[in-house]
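Okay, so here's the structure we're looking at.
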Amino acid sequence: MPTFKIRRAEERGTAEHGWLHARFTFSFADYYEPKHCGFHSLVVMNNDLIEPGGGFGTHPHDNAEIFTYVISGELEHKDSMGNGSIIKPGHLQYMSAGDGVFHSEFNPSNDNQVELYQIWMLPNQRGGKPIYEEKELDKDKVNNDIKILFSEDGHDDSTPIRQNATIGFGQIDRGNALVIEPNNQYPHAWIQIISGTSTLENYELNKADGIGIENLNKNLTIQSTEDCDFFIFRLSGN
């Protein structure tokens with residue numbers, strides 16, 4: 000039977016740096032919570048609010064699959080691969096750090112905050128050439144469904160990543176429901192609520208709540224009590 004691990008938004012770790020207001024689902028930097036040190040290959044789930052003009056100066060990464068989703072505002076990205084872009088709301092950036100990459104992230108606005116999620120997964124292979132891609136989520140085309148955005152093999156027009164996992168974006172209108180089916184290749188799952196409210200197996204899930212599912216071996220129904228957007232990570236456990 001599946002087992003569940005709930006992570007409430009209000010229980011997350013925090014960091015306040017004036018220009019940055021961060022919430023950590025898992026242990027990160029100076030925040031350590033032994034009960035929440037990632038979920039299989041999913042190791043970082045940070046919800047950041049960056050003040051106008053604030054940001055992260057040029058810094059390195061290696062051997063990490065990094066995903067950045069902008070909820071509101073805009074984020075300026077530059078990296079050592081020569082990429083430079085303004086990530087807008089509803090856009091999802093993928094950067095596979097491979098054997099090493101430098102990048103910076105700033106809020107270019109003089110007036111508006113930017114809210115985002117930054118998500119890290121461990122790769123299933125070390126090294127390799129860094130990779131960059133940006134995707135726009137067309138929510139109208141998802142429409143009470145789950146769209147697979149990333150996968151190891153690139154199936155269903157998804158972008159290949161260096162991990163035996165899939166990342167999907169789900170959207171449910173109020174009063175509707177979706178069935179999450181078991182998959183032997185990906186027996187575990189993490190659902191992160193971006194907006195709205197839903198229920199899953201008697202758990203009410205609100206904005207910024209997350210829930211881990213171990214041994215997802217039966218159909219589970221996620222029911223929306225108001226319009227709801229979420230990410231779902233299907234994980235192999237390796």
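In numbering that gives the first Met the number 0, the protein residues as written are 0 to 237.
Think of the CB as a built atom: it goes at the ideal place given N, C-alpha and C, for glycine as much as any other residue.
Here the structure is a predicted model, which is why all the values come from computation and not from measurement.
(request) Name the residue from N62, Y31, H60, Q191 whose alpha carbon lies nearest to the alpha carbon of F230. (result) Comparing Cα positions, the closest option is Q191.
(message) Do L121 and V235 have their beta-carbon atoms positioned less than 7 Å apart in this structure?
(response) Checking the sequence shown, residue 235 turns out to be Ser, not Val. The answer is no: Cβ separation not under 7 Å.
(message) Can you determine whether any heavy atom of the ligand COA sits closer than 6 Å to the C-beta of P122, and answer yes or no?
(response) Among the components of this structure there are no ligands whatsoever, and the ligand COA is therefore not found.
(request) Report the residue from H76, E64, K206 whose alpha carbon sits nearest the alpha carbon of M94. (result) Taking each of H76, E64, K206 in turn and checking the Cα distance to M94, the smallest one comes out for E64.
(request) Label G52 either buried or exposed according to how many other C-beta atoms from any shown protein chain fall within 10 Å of its C-beta, with 16 as the threshold for buried. (result) G52 comes out exposed.
(request) Below 8 Å CB to CB, which residues in the same chain sit around E133 once its five sequence neighbours on both sides are set aside? (result) Closer than 8 Å at Cβ, skipping near neighbours: S84, I86, H90, L91, Q92, Y93.
(message) Any contact between the stretch 69 to 81 and the stretch 11 to 25? By contact I mean 3 or more CB pairs, one from each, below 8 Å.
(response) Output reads no: the stretch 11 to 25 does not touch the stretch 69 to 81.
(request) With a threshold of 16 other CB atoms inside 10 Å of the CB of Y202, please say whether the residue is buried or exposed. (result) The residue in question, Y202, is exposed, as its Cβ has fewer than 16 Cβ neighbours within 10 Å.
(request) Would you kindly work out how many angstroms separate the C-alpha atoms of G56 and H102, rounded to a whole number? (result) As the crow flies, the alpha-carbon of G56 is around 8 Å from that of H102.
(message) For D78 and G97, I'd like the C-alpha separation in whole angstroms.
(response) D78 and G97 have their C-alpha atoms spaced approximately 13 Å apart.
(message) Among the candidates D156, N175, F149, whose CA atom is the shortest distance from the CA of N163?
(response) It is F149 whose Cα lies nearest to the Cα of N163.
(message) If you measure between the beta carbons of V69 and W119, is that distance less than 7 Å?
(response) Taking 7 Å as the Cβ cut-off, V69 and W119 do not qualify as a contacting pair.
(request) Starting from the N-terminal side, write out each stretch of the alpha helix (DSSP H) that is 4 residues or longer and does not extend beyond the stretch 69 to 145. (result) Runs found: 138 to 141.
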